[in-house]
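In this note's numbering, the protein residues as written are 216 to 466. Structure first, then comments.
Take a look at the structure:
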């Protein structure tokens, strides 16, 4: 009888421990859900602000470990995992329509988003070091500066007015700096995203685990500056980092 009572006591304690663990697990799940919800709300807030500022958006792939190929798309060996539009028709699909954006936010909760350039805005894309030099110079000169986003730790994106939206096709002038996002390895210096190109917008996630983020005070609500004066400053900054002598051996 004593052995039976001891067994009953042990079972009751096991049951109480399980209930306690389940309660803690449930509370932890609620906390994790709340964190996710805050992240999701922030994501939606940023994307709505970008669309309201006139940046035409379209859903993009996102980094994923599920497929084993680092990208949410089904392309084996995707060359730009998590950094390309979902649809091949992204250039016509991109929109600022709030209803369309809300539909995408509901149906594609993990998607990154791209902003199609060349219709309402262009983007000058430079190495982060050159971008910081340019920011310091522009601040010292009191020059006009629009939205600026960091693309991970390696690049800065300067949003400008566009030179690609013209009524007469013959008035559109090409530029050797024109590029697409996938040409970064070929053109690692200054890159000009205009008609036919796009950039990821905040808070897109990169395969490295980094994100695209607006610099403080340089969000999409800032007025878009003329690209040509900014181009001159960024070109000088890129030349500076390319030609600065290595100093490590002199220290």
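Glycine included, each C-beta is placed from N, C-alpha and C at the ideal position.
How would you call residue 373, buried or exposed, if buried means at least 16 neighbouring beta carbons within 10 angstroms?
Translated into the one-based positions of the chain shown, residue 373 becomes position 158. It counts as buried.
Counting only the same chain and skipping the five closest in sequence on each side, list residues whose C-beta sits under 8 Å from that of residue 301.
Counting from 1 along the chain shown, the entry for residue 301 is found at position 86. Hits under 8 Å: 273, 274, 275, 276, 288, 323 and 326.
In angstroms with no decimal places, state the Cα-to-Cα distance between residue 445 and residue 361.
The residue you call residue 445 lines up with position 230 of the chain shown. The residue you call residue 361 lines up with position 146 of the chain shown. Cα to Cα, residue 445 sits roughly 10 Å from residue 361.
Would DSSP call residue 318 helix, strand or coil?
Stepping through the chain shown from its first residue, residue 318 is reached at position 103. Residue 318 falls in the helix class under three-state DSSP.
Would the beta-carbon of residue 436 fall within 8 Å of that of residue 268?
Residue 436 sits at position 221 when you count from the first residue of the chain shown. Residue 268 sits at position 53 when you count from the first residue of the chain shown. Yes. Within cutoff.
Can you tell me where the alpha helix (DSSP H) with residue 348 in it begins and where it stops?
The residue you call residue 348 lines up with position 133 of the chain shown. First-last of the alpha helix (DSSP H) with residue 348: 343-356.
State whether the region 315-322 contacts the region 252-263, with contact taken as three or more CB pairs (one from each stretch) at a distance under 8 Å.
yes
Which residues mark the beginning and the end of the alpha helix (DSSP H) in which residue 408 is found?
On the chain shown, position 193 is the one that residue 408 refers to. Unbroken run through residue 408 is the beta strand (DSSP E), 406-408; no alpha helix (DSSP H).
Straight-line CA distance for residue 409 to residue 415?
Within the chain shown, the letter at position 194 stands for residue 409. Within the chain shown, the letter at position 200 stands for residue 415. Distance between the alpha carbons of residue 409 and residue 415 is about 14 Å.
Classify residue 425 as helix, strand or coil using the three-state DSSP reduction.
Taking the first residue of the chain shown as position 1, residue 425 is located at position 210. Coil at residue 425, not helix or strand.
Span of the beta strand (DSSP E) holding residue 375?
Position 160 of the chain shown holds residue 375. Its beta strand (DSSP E) spans residues 370-375.
By a C-beta neighbour count over all protein chains shown, 10 Å radius and 16 as the cutoff for buried, is residue 256 buried or exposed?
By one-based count along the chain shown, residue 256 stands at place 41. Exposed, since its Cβ has fewer than 16 Cβ neighbours within 10 Å.
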